[in-house]
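As structure tokens, the structure follows; a few thoughts come after it.
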Amino acid sequence: MNPFEKTSAGLFLVVGPPSSGPLEAERICSALIQKLSEGPTLNLDASTWQNAMQMVPNQVETATTSMTLNRTMAVAELPDAFASICANAADGAKAAFDLAKPISIYLSKYDEPTAFNCLILDQSDSAEIHLSLTCLAVFDRGSLGSFALTSTLLKASLNLSNKHTQSTIAQVFGRFGPPSDSPYYLRVLP
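Everything in the sequence shown is counted per the working numbering, starting at 49 for the first residue and increasing by one.
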């Protein structure tokens, strides 16, 4: 029997410098939030998030990785473990600060989540956006404090210095503004 209630959570995190107008990453994030909000019964389903990410055009360096991590830890340590895994996944985005802290603070609202989707859009560099989607799920392995964490990671980069890519992003996402101050959205400065 599972020792904790099943709680699912999702987080959208945009990393970027202050700007007088919305960053492209914020516009993309708004569009993805709207897309996922269309089906409230499936809006926390990992495959729904993975499908929504596919609507971002002209992705380069797209990679998908799935793995199972066997961990032994106290249930209360799961939010920090999730935050660490998501922050490490975004490390390829050259994040110059610790993303784990804001993710962990967000997850602390959910006691012990057993499923978590985290989409990080890093536009620290004005010439590119790095997208990192981590979908995590926890399975009780039967012995006290022993869990299997399944992790699916999708990564992509958008080259904004490419005129065609920039034009397509403006055409597809130009009507979207920055996401509102939703409880599932964080904006972090690099």
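All C-beta atoms, glycine included, are put in the ideal place defined by N, C-alpha and C.
Look at the Cβ atom of leucine 90, then the Cβ atom of threonine 198, and state whether they are nearer than 9 Å. no
Between Val63, Leu237, Pro66, Gln98, which lies nearest to leucine 80 when the distance is taken from Cα to Cα? Gln98
Specify, as a first and last residue, the run of the beta strand (DSSP E) that threonine 198 falls within. 194-207
Does DSSP classify asparagine 91 as helix, strand or coil? coil
Evaluate arginine 223 with the Cβ neighbour count: other Cβ atoms within 10 Å of its Cβ, from every protein chain shown; 16 or more gives buried, anything less gives exposed. exposed
Contacting residues, own chain, Cβ-Cβ under 7 Å from aspartate 159 (five flanking each side not counted): Thr55
Mapping the DSSP letters down to three states, classify methionine 115 as helix, strand or coil. Three-state DSSP puts methionine 115 in a strand.
Count the other C-beta atoms from every protein chain shown that fall within 10 angstroms of the C-beta of glutamate 86, then say buried if there are 16 or more, exposed otherwise. exposed
Hey, quick one: how far does the beta strand (DSSP E) through leucine 84 stretch, first residue to last? From DSSP, leucine 84 is part of no beta strand (DSSP E) but of the alpha helix (DSSP H) over 72-85.
For valine 104, which three-state DSSP category applies? coil
Taking DSSP's pairing of strands, which residues face tyrosine 233 in a bridge? Phe60
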